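Which chain is which? The protein sequence lines are A and B, in order. Residue numbering for the first sequence follows the working numbering, starting at 6 and increasing by one per position. Residue numbering for the second sequence follows the working numbering, starting at 36 and increasing by one per position. No residue lacks a Cβ here, since even glycine has one placed at the ideal position from N, Cα and C. Treat the numbers as computed from the prediction; the structure is a model and nothing was measured. In what follows, a structure is listed as structure tokens, so that the remarks can point back to it.
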Amino acid sequence: MSAATTAVPAAAEAARGTRRRAPLSDRRRQEARLGLLLASPAIVVLLAVVGYPILQAVWDSLFNYKLTNPDARSFVGLGNYGLILSDPIWWQALGVTVLITVVTVVVELVLGFALALVMNNALGALRPGLRTAILIPYAIITVVSAFAFRFMFDLTSGFVNAWLPFVGDDTDWFASFGTAVTVISISEIWKTTPFISLLLLSGLAQVPGELQEAAKVDGATWWQRMRRVTIPNMKAAIMVALLFRTLDAFRIFDNIFIMTNGAAGTESVSFLAYRQTIQRLEIGIGSAVSVLLTIAVALIALMFVKGFKVNLAASTRAGR
Amino acid sequence: MSARAKVWWWVGGIAIFLYCLFPVVWIVSLSLKAPADLDDGRFLPSSVSWQNYELILSGSASELFLPALRNSVGICLIATAIAVVLAALCAYAVARLDFPGKAFVLGLSLAVSMFPVISIVTPLFNIWRSVGLFDTWAGLVIPYLSITLPLSIWTLTAFFREIPWEMEQAAQVDGATTAQAFRKVIVPLAGPGVATTAIIAFFLAWNDFVYGISLTSTEAARPVPAALAFFTGASQFEEPTGAISAAAVIVTIPVVVLVLLFQRQIVAGLTQGAVKG
Numbered sequence: 006m007s008a009a010t011t012a013v014p015a016a017a018e019a020a021r022g023t024r025r026r027a028p029l030s031d032r033r034r035q036e037a038r039l040g041l042l043l044a045s046p047a048i049v050v051l052l053a054v055v056g057y058p059i060l061q062a063v064w065d066s067l068f069n070y071k072l073t074n075p076d077a078r079s080f081v082g083l084g085n086y087g088l089i090l091s092d093p094i095w096w097q098a099l100g101v102t103v104l105i106t107v108v109t110v111v112v113e114l115v116l117g118f119a120l121a122l123v124m125n126n127a128l129g130a131l132r133p134g135l136r137t138a139i140l141i142p143y144a145i146i147t148v149v150s151a152f153a154f155r156f157m158f159d160l161t162s163g164f165v166n167a168w169l170p171f172v173g174d175d176t177d178w179f180a181s182f183g184t185a186v187t188v189i190s191i192s193e194i195w196k197t198t199p200f201i202s203l204l205l206l207s208g209l210a211q212v213p214g215e216l217q218e219a220a221k222v223d224g225a226t227w228w229q230r231m232r233r234v235t236i237p238n239m240k241a242a243i244m245v246a247l248l249f250r251t252l253d254a255f256r257i258f259d260n261i262f263i264m265t266n267g268a269a270g271t272e273s274v275s276f277l278a279y280r281q282t283i284q285r286l287e288i289g290i291g292s293a294v295s296v297l298l299t300i301a302v303a304l305i306a307l308m309f310v311k312g313f314k315v316n317l318a319a320s321t322r323a324g325r
Numbered sequence: 036m037s038a039r040a041k042v043w044w045w046v047g048g049i050a051i052f053l054y055c056l057f058p059v060v061w062i063v064s065l066s067l068k069a070p071a072d073l074d075d076g077r078f079l080p081s082s083v084s085w086q087n088y089e090l091i092l093s094g095s096a097s098e099l100f101l102p103a104l105r106n107s108v109g110i111c112l113i114a115t116a117i118a119v120v121l122a123a124l125c126a127y128a129v130a131r132l133d134f135p136g137k138a139f140v141l142g143l144s145l146a147v148s149m150f151p152v153i154s155i156v157t158p159l160f161n162i163w164r165s166v167g168l169f170d171t172w173a174g175l176v177i178p179y180l181s182i183t184l185p186l187s188i189w190t191l192t193a194f195f196r197e198i199p200w201e202m203e204q205a206a207q208v209d210g211a212t213t214a215q216a217f218r219k220v221i222v223p224l225a226g227p228g229v230a231t232t233a234i235i236a237f238f239l240a241w242n243d244f245v246y247g248i249s250l251t252s253t254e255a256a257r258p259v260p261a262a263l264a265f266f267t268g269a270s271q272f273e274e275p276t277g278a279i280s281a282a283a284v285i286v287t288i289p290v291v292v293l294v295l296l297f298q299r300q301i302v303a304g305l306t307q308g309a310v311k312g
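Given below as structure tokens:
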């Protein structure tokens, strides 16, 4: 992708070319055929596993189709979409999803940057230990962390009410919308901030040391160096972290399922799709919600790639 | 760096340790509480009890937990193995060969990794029921490929690009056969990347919840995360807090041990082929 990485294969190719003395175009064609042959199983599987079901979902979403009454299946065109988009339940779920996404991503970005700075500056014995510790939240499955936080804030088993001086001992965190969303967001933030901070840490490593030194010599304060040198040079890493976390947060499901099961108005778009399809067996409406969710995720990705000019090819290889 | 700054970086470092370990210590401590102490509202248990572990390993909850553990291990290993083999072929082609559609391969896997799992679940639920894959191992292995395969392609491509492939030719010039050159030069160079990719892919599969609860209905295929969500107490008034905590600790230990063993490679793999967390 970058000049440095293509240079090596090009040289190797040249070496191979002279050694075999085969006509270049022939060898090229052979290589192309081998490349396609090796890549095609993975591509076929990806298309079959994701492409086919999503087409099926688009098709199913055009029908009034309930598994409890399969014989009444009838074509309704875009009727399901009209039904969903005119229903406050959809807008409530979308609102909750956007709220959780924005709050967690912003907090994670700030917190993740702070963690990355500490890891970048921590000295001696602490550094390898920190790299290990930061991977623990990443390694723990979301359902387990959701249970840990649920039990923490729980009325009977939890200790949070006793520890926090400004809340009553009988505060039921999961009973009202504000507090429930707060706890859901906290567990999401705990679990995924380390991933952001690892990406930002590799971004920090890319900031040229000479630039920092030059700014220091010129008398720039720590904050000025951060704003004028460090952050601009990390733009690619920040953008990629933002994109991945935004898309990931937008799909939030596990935490909500474990903590509130959608009660207190905490149902996300993913949860709505799950409830319609798996619990209510409304294949038609559930499919339409799934398609709308897919469109939303695609729009977010498009917005990032076009609007923020994220160069995925370059920045997913951050860190060298 | 001044002495004061050093102190602050140490304070920051210790704060990170607390941050990372806090919920883990809590769930471990909860799992060690005796049933009578579960609701005492204390962070640490007043005395250590193994009753919760007995409950899920040999007691009444073991019928739920042990089959789920077996399902999770089996399904995740199979899905990881398939993904890594297919991805290795694909990543080798992308990293080493010139063929049309390279950008499409990477673009497709990136798009799939960003795809909301729930959107695939809806149609699969219906298809699997009609073809008999609902509540079977294969019925989870196949959708798990949508999680493990894209990430494996990206990470392995990043790793394979780092390998100095000319060394293979150099070995052949020095008189090694193609097979020898591959085995003695490429396998040791590519091995760590493949292992890291397998670990990361395994995590992602192990972490899945949506497929697990949607495409299974009994202990025939239900994986651990889904089983945890369906744990119930001895009576409807009893919360299965202790059993869930103990089961949570058991499914966490092997994963954390893997992370601790391979932390260096995992950090490299995550940041180089960063596709999903």
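Look at residue i and residue j and say whether their C-beta atoms are less than 7 angstroms apart.
| i | j | result |
| --- | --- | --- |
| residue 78/B | residue 164/A | yes |
| residue 121/B | residue 44/A | no |
| residue 236/B | residue 118/B | yes |
| residue 259/A | residue 151/A | yes |
| residue 65/A | residue 275/A | no |
| residue 151/B | residue 256/A | yes |
| residue 174/B | residue 189/B | no |
| residue 140/A | residue 298/B | yes |
| residue 10/B | residue 233/B | Past the boundaries of the shown model lies residue 10/B; chain B is included only from 36 to 312, so the question cannot be answered. |
| residue 256/B | residue 103/B | no |
| residue 216/A | residue 125/A | no |
| residue 130/B | residue 196/B | yes |
| residue 176/B | residue 248/B | no |
| residue 74/B | residue 161/A | yes |
| residue 296/A | residue 62/A | yes |
| residue 91/B | residue 264/B | no |
| residue 68/B | residue 80/B | yes |
| residue 261/A | residue 194/A | no |
| residue 102/A | residue 273/A | yes |
| residue 304/B | residue 231/B | yes |
| residue 75/A | residue 55/B | no |
| residue 282/A | residue 157/B | yes |
| residue 48/B | residue 131/A | yes |
| residue 86/A | residue 288/A | no |
DSSP beta-bridge partners for residue i?
| i | result |
| --- | --- |
| residue 71/A | 287/A |
| residue 80/A | 68/A |
So residue i and residue j are supposed to be a Cβ contact under 8 angstroms. How far apart are they, rounded?
| i | j | result |
| --- | --- | --- |
| residue 185/A | residue 174/A | Contact doesn't hold; Cβ gap of about 18 angstroms is too wide. |
| residue 231/A | residue 205/A | Not confirmed; about 13 angstroms, so no contact. |
| residue 290/B | residue 301/B | Their Cβ separation, rounded to whole angstroms, is 11 angstroms, which puts residue 290/B and residue 301/B out of contact at 8 angstroms. |
| residue 170/B | residue 252/B | 5 angstroms |
| residue 294/A | residue 59/A | About 13 angstroms separates the two Cβ atoms, so there is no contact after all. |
| residue 63/B | residue 220/B | Actually they are not in contact, since the Cβ atoms of residue 63/B and residue 220/B sit about 45 angstroms apart, beyond 8 angstroms. |
| residue 117/A | residue 198/A | 5 angstroms |
| residue 181/B | residue 140/B | Rounded, the Cβ-Cβ distance is 16 angstroms, inconsistent with contact. |
| residue 192/A | residue 154/A | 4 angstroms |
| residue 51/A | residue 250/B | Not a contact, Cβ separation roughly 19 angstroms. |
Run the proximity test for residue i: is its beta-carbon closer than 6 angstroms to any non-hydrogen atom belonging to the ligand NAP?
| i | result |
| --- | --- |
| residue 153/A | No copy of the ligand NAP appears in this structure; indeed no ligand is present at all. |
- Task: Using a Cβ-Cβ cut-off of less than 7 angstroms, list which residues of the segment 131 to 159 of chain A approach chain B; keep chain order.
- Result: Under the 7 angstroms Cβ criterion, the segment 131 to 159 of chain A contributes 131, 135, 136, 137, 138, 139, 140, 141, 142, 143, 144, 145, 146, 147, 148, 149, 150, 152, 153, 154, 156, 157.
- Query: How about the segment 143 to 158 of chain A and the segment 237 to 252 of chain B: do they share at least three Cβ pairs that are nearer than 8 angstroms?
  - Reply: yes
- Task: Output, in sequence order along the chain, the residues in the segment 49 to 70 of chain A whose CB is closer than 7 angstroms to any CB in chain B.
- Result: Answer in chain order: 50, 51, 54, 55, 58, 59, 61, 62, 65.
- Query: Just checking, does the segment 300 to 317 of chain A make contact with the segment 240 to 254 of chain A on the three C-beta pairs under 8 angstroms criterion?
  - Reply: yes
- Residues from the segment 79 to 110 of chain B in contact with chain A, defined by Cβ distance under 9 angstroms: none
- Would you check if the segment 136 to 156 of chain B and the segment 83 to 98 of chain B touch, i.e. whether three or more CB-CB distances between them fall below 8 angstroms? no
- Item | Within 8 angstroms of chain A by C-beta, residues of the segment 234 to 255 of chain B in sequence order | 238, 241, 242, 244, 245, 248, 249
- Query: At a Cβ cut of 7 angstroms, what residues of the segment 256 to 285 of chain A count as close to chain B, listed as they run along the chain?
  - Reply: 256, 258, 259, 262, 263, 275, 278, 279, 282, 283
- Between the segment 181 to 201 of chain A and chain B, which residues of the former have a C-beta closer than 9 angstroms to a C-beta of the latter? 192, 195, 196, 197, 198, 199, 200, 201
- Message: For the structure I just gave you, are there three or more beta carbon pairs, one from the segment 218 to 237 of chain A and one from the segment 201 to 218 of chain B, closer than 8 angstroms?
- Response: Taking a cut-off of 8 angstroms on C-beta distances, the segment 218 to 237 of chain A does not touch the segment 201 to 218 of chain B, as fewer than three cross pairs fall below it.
- Task: Could you tell me whether the segment 264 to 273 of chain A touches the segment 112 to 132 of chain A, using the rule of 3 or more Cβ pairs below 8 angstroms?
- Result: With the cut-off at 8 angstroms, the segment 264 to 273 of chain A and the segment 112 to 132 of chain A do not touch.
- Residues, ordered as in the chain, of the segment 28 to 42 of chain A that lie near chain B by beta-carbon distance below 9 angstroms: Correct list: 33, 36, 37, 38, 39, 40, 41, 42.
- Message: Closer than 7 angstroms between beta carbons: that is the criterion. Which residues of the segment 115 to 129 of chain A meet it against chain B?
- Response: 120, 123, 126, 127, 128
- Message: Under 7 angstroms, CB to CB, which of the residues in the segment 220 to 253 of chain A have a partner in chain B?
- Response: Residues of the segment 220 to 253 of chain A with a C-beta less than 7 angstroms from any C-beta of chain B: 245, 249, 252, 253, listed in chain order.
- chain A contacts from the segment 132 to 144 of chain B (Cβ-Cβ distance under 9 angstroms): 132, 133, 134, 135, 136, 137, 138, 139, 140, 141, 142, 143, 144
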